[in-house]
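Here's the structure, in structure tokens; my notes come after.
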Amino acid sequence: MVTRNPVTWLGSPKFPDAARTALANTQLRSNLRKATGTIRGRRAAAVDEMTDWEDLRLAGEALKDEVLTNLDVYLERLEKSVTDRGGVVHWARDAAEANEIVLRLVRETGADEVVKVKSMATAEIGLNEALEAGGVAAIETDLAELIVQLGHDRPSHILVPAIHRNRSEIREIFRREMPDVPDGLTDEPRDLAEAARAHLRRKFLSARVAISGANFAVADTGSIVVLESEGNGRMCLTLPETLITVMGIEKLVPTWSDLEVFLQLLPRSSTAERMNPYTSVWTGVTPGDGPQQFHLVLLDNGRTATLADKVGRQALRCIRCSACLNVCPVYERTGGESYGSVYPGPIGAILTPQLVDDPHDKQAASLPFASSLCGACYEVCPVRINIPEVLTHLRARSVQARGRSPESIAMAAAAWVFNSPSRYERAQRLATFARLLSRNGRITRLPGPGAAWTSSRDVPVPPKQSFRAWWKENRG
Amino acid sequence: MQKVAQKSPKVALFATCLTDTLYPATARAVVTLLERLGCSVEFPLDQTCCGQMHFNTGYPDHARGLATSYQRTFAGYDAVVVPSGSCTGMVRDIHPQLGASPVATYELSEYLVDVLGVTDVGAYFPHRVTYHPTCHSLRMLGVGDKPLSLLRAVRGLDLVELPDAESCCGFGGTFAVKNSDTSTAMLSDKMRHVLDTGSEVLTAGDNSCLMHIGGGLSRLRTGVRPVHLAEILASTEEDPWSPATR
Chain A
1 MVTRNPVTWL GSPKFPDAAR TALANTQLRS NLRKATGTIR GRRAAAVDEM TDWEDLRLAG
61 EALKDEVLTN LDVYLERLEK SVTDRGGVVH WARDAAEANE IVLRLVRETG ADEVVKVKSM
121 ATAEIGLNEA LEAGGVAAIE TDLAELIVQL GHDRPSHILV PAIHRNRSEI REIFRREMPD
181 VPDGLTDEPR DLAEAARAHL RRKFLSARVA ISGANFAVAD TGSIVVLESE GNGRMCLTLP
241 ETLITVMGIE KLVPTWSDLE VFLQLLPRSS TAERMNPYTS VWTGVTPGDG PQQFHLVLLD
301 NGRTATLADK VGRQALRCIR CSACLNVCPV YERTGGESYG SVYPGPIGAI LTPQLVDDPH
361 DKQAASLPFA SSLCGACYEV CPVRINIPEV LTHLRARSVQ ARGRSPESIA MAAAAWVFNS
421 PSRYERAQRL ATFARLLSRN GRITRLPGPG AAWTSSRDVP VPPKQSFRAW WKENRG
Chain B
1001 MQKVAQKSPK VALFATCLTD TLYPATARAV VTLLERLGCS VEFPLDQTCC GQMHFNTGYP
1061 DHARGLATSY QRTFAGYDAV VVPSGSCTGM VRDIHPQLGA SPVATYELSE YLVDVLGVTD
1121 VGAYFPHRVT YHPTCHSLRM LGVGDKPLSL LRAVRGLDLV ELPDAESCCG FGGTFAVKNS
1181 DTSTAMLSDK MRHVLDTGSE VLTAGDNSCL MHIGGGLSRL RTGVRPVHLA EILASTEEDP
1241 WSPATR
């Protein structure tokens, strides 16, 4: 059966159209400007403290590349170490397989409710929806994820899924959707957090099954690592009897000591913290302590196909810190939902189309064009993913898949002109005719695709003489 | 004005298709400036375009041919000087990926500061100016404060720092057309910062970004004029800059 890969949300418009709607949302614009501006400044300060930051980035890049180059070896090693320590490993080719495995495992426990640790992998495969369809309620326990879930909303940021909401909006969502909401809830962050804490505490104590993602998995030891800031994740990882972890196959590190690099890179890049607040590590099952059943679902879902692309594969180095989102001038203005995927921002623009792996998916194909190629993302990426390089690479793939188009004809014509200095010179002379379009030294309206430019910008009036013509006349 | 090396360096000017066609005053300013500093400047007539638009829009095959032509045109020169950070970045970073062997290519401020070793070029420009560090100059080339050190040495120039200078103006080549709304949202913030400085002139090392920000500044009749860095540096007391007659 061919199922749609849910990495993108069904019915999402192409990026330029989705962005147009988002840009008109003044509340969103204001919330994002404030939030990304704050995180940006803090990250820069936290990174500036480190004298060996560039070395750490190089080390992070090298470790991830080592894993990606020998992924088969490390995956089998991980499977063995997890199994040896009492865990059960499952392999899922795609979202449908992964969802089926998780639903079956939950059903085997007899539970009809699960608590969840914030996880990108389970969001990517649409696990909550699949569980719901199978009669299992999934409760998000990360505060921001809970806000998104209660608001019947979509996540708009990798780390802070509710970044597009301000506190008064959150108060409204809680008042409307939280069954046990306290009376007289204010929009003070402390009050909101307290309401969520009371709501979630009851869930933690009753849940028999927890579902998590993973930030890292150590191939040598079989240890799984989750980083979070609230402690809610740790509640899920320790209290229930059964723990199911869904993890992308690229999340491996070879050895325990390799974590040293990433536990420095990730917190400073994502939350601007020197040390991550809650780092949970578990290795298989420990009798009498914590979950007594542990299942690890290893998810491919387009990753092997991505790995096959020499340029594009570097996207698999991503450690989901979201530094690239916070510095991106496009993301700051359009927000995450415009990208139509759980992976927004610059990393989403290169990861989503590769995971979707369908060059004819017009929404996914529009994502690599959602960038001015300013390079701010590459500058901050802790594992040195050259996002602009992958963007242009994927643009070429989109262009190829589209075939002949008015644009491709125009580009071929431009190349034909540029390939001959004499044709180029004649084209320059033709350009001077555009002077006829000018009024009072300005050109304010162009026809055709140029209209998108002149919607907000004047066009320079071509000079009477190109530089080349001047040179030939005066210096030639 | 600082002294430059005794033997006159021979440089080729790569004007870039945009400047050659739409901003000839910038290319003439590069010639004036380099000659004043003792260089002998040539303009190889076989040059056209570096292929950046094609490459960045998803047409690397078209860009490949243009990279080869660039290499053929400029192979014999010790140095190629370009009044554009993004075209320099294209030549330096991307052309080798497209199979063209590298040609020693410098963005203007790099050539002046790193190769000629000058920051005071004897310029005079009695205007209030703010400087936008264009993304590719900043991040692909890493020109750092070279343009600013050149501007600080210009007599009469009142340099005002641009707030949030390092954020993109929203041009991005075909991005400005394909994602026109997002591009405009970025532009409006850039213009707000430019206007906040109270400058008469906005300068940068790239006419593409200046065309974009300038297009917005003109549309809103802000009275702020974009002027390429080369034109400011070429301006002297004897022969001061005046708005190009078009």
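Protein chains in written order, with the working numbering: chain A, 1 to 476; chain B, 1001 to 1246.
Heads up, the beta-carbon is just placed ideally off N, CA and C, and yes, glycines get one too.
Remember, it's a predicted structure, so these values are computed and weren't measured experimentally.
Own chain residues within Cβ distance below 8 Å of residue i, not counting five before or after
i, result
"V117 (chain A)", "T141, D142, A210, I211, S212, G213, V226, E228, N232, G233, C236 and L237"
"G312 (chain A)", "T306, I350, Q354, V390, H393 and L394"
"I443 (chain A)", "A434, L437, T454, D458, V459, P460 and V461"
Per-residue DSSP class, three states only, for residue i
i, result
"P1147 (chain B)", "helix"
"G450 (chain A)", "helix"
"D289 (chain A)", "strand"
"I101 (chain A)", "helix"
"P421 (chain A)", "helix"
"M1 (chain A)", "Confidence is the limiting factor: at M1 (chain A) the pLDDT is only 38, short of 50, which leaves the residue's position unreliable, though a coordinate-based value still follows. Note: M1 (chain A) maps to coil in three-state DSSP."
"H1054 (chain B)", "helix"
"A207 (chain A)", "coil"
"D187 (chain A)", "coil"
"D1239 (chain B)", "coil"
"M50 (chain A)", "coil"
"D1196 (chain B)", "helix"
"L239 (chain A)", "coil"
"S1137 (chain B)", "helix"
"D1158 (chain B)", "strand"
"M275 (chain A)", "coil"
"G1089 (chain B)", "helix"
"R1064 (chain B)", "helix"
"T1203 (chain B)", "strand"
Min CB distance residue i to chain B below 8 Å
i, result
"E473 (chain A)", "no"
"C374 (chain A)", "yes"
"W91 (chain A)", "no"
"A138 (chain A)", "no"
"A431 (chain A)", "yes"
"Y343 (chain A)", "no"
"V330 (chain A)", "yes"
"V47 (chain A)", "no"
"V399 (chain A)", "yes"
"R313 (chain A)", "no"
"R421 (chain A)", "Note that residue 421 (chain A) is Pro in the sequence shown here, rather than Arg. With 8 Å as the cut-off, P421 (chain A) counts as an interface residue toward chain B."
"S322 (chain A)", "no"
"A305 (chain A)", "no"
"V2 (chain A)", "The predicted position of V2 (chain A) is uncertain, since its pLDDT is 44 and thus under 50; a value taken from the coordinates is nonetheless stated next. So no, V2 (chain A) is outside the interface."
CB contact check: residue i to chain A, cutoff 8 Å
i, result
"L1233 (chain B)", "no"
"L1066 (chain B)", "yes"
"L1150 (chain B)", "no"
"S1040 (chain B)", "no"
"T1222 (chain B)", "no"
"S1008 (chain B)", "no"
"G1117 (chain B)", "no"
"G1205 (chain B)", "no"
"F1171 (chain B)", "yes"
Spatial neighbours of residue i in its chain, beta-carbon cut-off 6 Å, leaving aside the 5 residues before and after
i, result
"P182 (chain A)", "A195"
"H1062 (chain B)", "H1054"
"P346 (chain A)", "C324, C328, C377 and I387"
"R1155 (chain B)", "Y1124"
"G1214 (chain B)", "P1226"
Same chain, Cβ closer than 7 Å to residue i, five either side skipped, listed in chain order
i, result
"P189 (chain A)", "R167"
ask   = Are three or more beta carbon pairs between the segment 1115-1124 of chain B and the segment 1220-1237 of chain B nearer than 8 Å?
value = yes
message = To be precise: take each residue of the segment 447-459 of chain A, compare its Cβ to all Cβ atoms of chain B, and keep it if any distance is under 7 Å. Which residues remain?
response = P449, A452, W453, S455, S456, R457, D458 and V459
ask   = Just by C-beta distance, which residues in the segment 1176-1198 of chain B are closer than 9 Å to chain A?
value = A1176, V1177, K1178, N1179, S1180, D1181, T1182, S1183, T1184, A1185, M1186, L1187, S1188 and D1189
task = Answer yes if the segment 1158-1168 of chain B comes into contact with the segment 1129-1147 of chain B, meaning at least three C-beta pairs across the two stretches below 8 Å, and no otherwise.
result = yes
request  = Take every Cβ of the segment 260-277 of chain A, pair it with every Cβ of the segment 67-82 of chain A, and state whether three or more of those distances are shorter than 8 Å.
outcome  = no
ask   = Can you find at least 3 beta carbon pairs, one from the segment 75-91 of chain A and one from the segment 214-225 of chain A, that sit closer than 8 Å?
value = yes
key: Residues of the segment 245-279 of chain A whose Cβ lies closer than 8 Å to any Cβ of chain B, in chain order   = none
inquiry  = To be precise: take each residue of the segment 343-358 of chain A, compare its Cβ to all Cβ atoms of chain B, and keep it if any distance is under 7 Å. Which residues remain?
reply    = none
query = Three or more C-beta pairs closer than 8 Å, one from the segment 445-454 of chain A and one from the segment 1095-1107 of chain B: is that the case here?
reply = no
query = Is there contact between the segment 123-142 of chain A and the segment 88-106 of chain A, where contact requires at least three CB pairs shorter than 8 Å?
reply = yes
Selection of the segment 18-30 of chain A by Cβ proximity to chain B, strictly under 7 Å = A19, R20 and L23
task = Can you give me, in chain order, the residues of the segment 1046-1058 of chain B that have a beta carbon less than 7 Å from any beta carbon in chain A?
result = D1046, T1048, C1049, H1054, F1055, N1056, T1057 and G1058
ask   = Between the segment 410-428 of chain A and the segment 1060-1079 of chain B, do at least 3 Cβ pairs fall closer than 8 Å?
value = yes
task = Using a Cβ-Cβ cut-off of less than 9 Å, give me the residues of the segment 1016-1027 of chain B that come near chain A, in sequence order.
result = C1017, T1019, D1020, T1021, L1022, Y1023, P1024, A1025, T1026 and A1027
query = Using 8 Å as the Cβ pair cut-off and three pairs as the minimum, do the segment 1014-1034 of chain B and the segment 1064-1083 of chain B touch?
reply = yes
Validate contact between the segment 145-157 of chain A and the segment 326-345 of chain A using beta carbons, cut 8 Å, 3 pairs = yes
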